[in-house]
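The structure appears right after this line, and notes come after that.
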Amino acid sequence: MSQNDPNPELNLDDQAAPASAEPTEVESLRAELTRLREDSLRERAELDNQRKRVARDIDMARKFANERLLGDLLPVIDSLEAGLNLAGGEPNALREGMELTLRQLLKVAGDNGLVAVDPVGQPFNPEHHQAMSLVPALGVAPNHVVQVYQKGWLLNERLLRPALVVVSQD
0 MSQNDPNPEL
10 NLDDQAAPAS
20 AEPTEVESLR
30 AELTRLREDS
40 LRERAELDNQ
50 RKRVARDIDM
60 ARKFANERLL
70 GDLLPVIDSL
80 EAGLNLAGGE
90 PNALREGMEL
100 TLRQLLKVAG
110 DNGLVAVDPV
120 GQPFNPEHHQ
130 AMSLVPALGV
140 APNHVVQVYQ
150 KGWLLNERLL
160 RPALVVVSQD
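Residues 0 to 169 in numbering that gives the first Met the number 0 are what the sequence shown spells out, letter by letter.
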């Protein structure tokens with residue numbers, strides 16, 4: 000060793016000795032790097048899924064925020080329709096006022112996603128209809144709605160109230 004050597008303890012022979020340990024350390028560091036990359040990708044995917052889930056929940060909350068209010072208005076609509084049916088067909092100020100009120104109420108309800116289910120003549124659908132009775136009906140296909148006791152209602156394509164119906168027998 001010379002005196003000009005800045006690190007007199009460092010010897011070229013010493014550098015060659017740990018060469019066998021070096022590849023396993025490099026391999027373990029590569030494995031650790033791979034694991035960290037996979038963890039990072041997994042966490043990004045989880046965050047993305049959570050973001051999508053929250054956006055979907057907010058959208059559903061927005062769509063159905065007025066569900067209770069609209070459900071509470073259904074008996075009002077039923078009463079107005081029943082009153083109009085009992086009033087007969089002759090025009091008078093009271094009937095015209097009720098018709099106007101009903102149209103306004105149905106427009107507001109429709110603008111908020113409420114749709115009537117009035118299935119006379121349609122096939123019975125247990126997802127949207129509740130059968131009150133079965134009757135033999137001439138000229139009507141089996142399992143079709145013959146009469147509607149009470150309209151059903153959908154709110155943004157989700158059932159709010161089933162239609163109460165009479166169904167034709169086989």
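For each residue, glycine too, the CB sits at the ideal point set by N, CA and C.
Exposed is the label assigned to S132, since fewer than 16 other Cβ atoms lie within 10 Å of its Cβ. Here L154 carries a strand assignment [DSSP, helix/strand/coil]. With 16 or more other Cβ atoms inside 10 Å of its own Cβ, S167 counts as buried. Nearest C-alpha to Q146 among V165, E66, P22, R61: V165.
Counting C-beta pairs closer than 8 Å gives three or more between the segment 115-123 and the segment 140-160, which meets the contact rule. In the three-state scheme derived from DSSP, where H, G and I count as helix and E and B as strand, A130 is classed as strand. Of all alpha-carbon atoms in H143, H128, Q129, the one lying nearest the alpha-carbon of P135 is that of H143.
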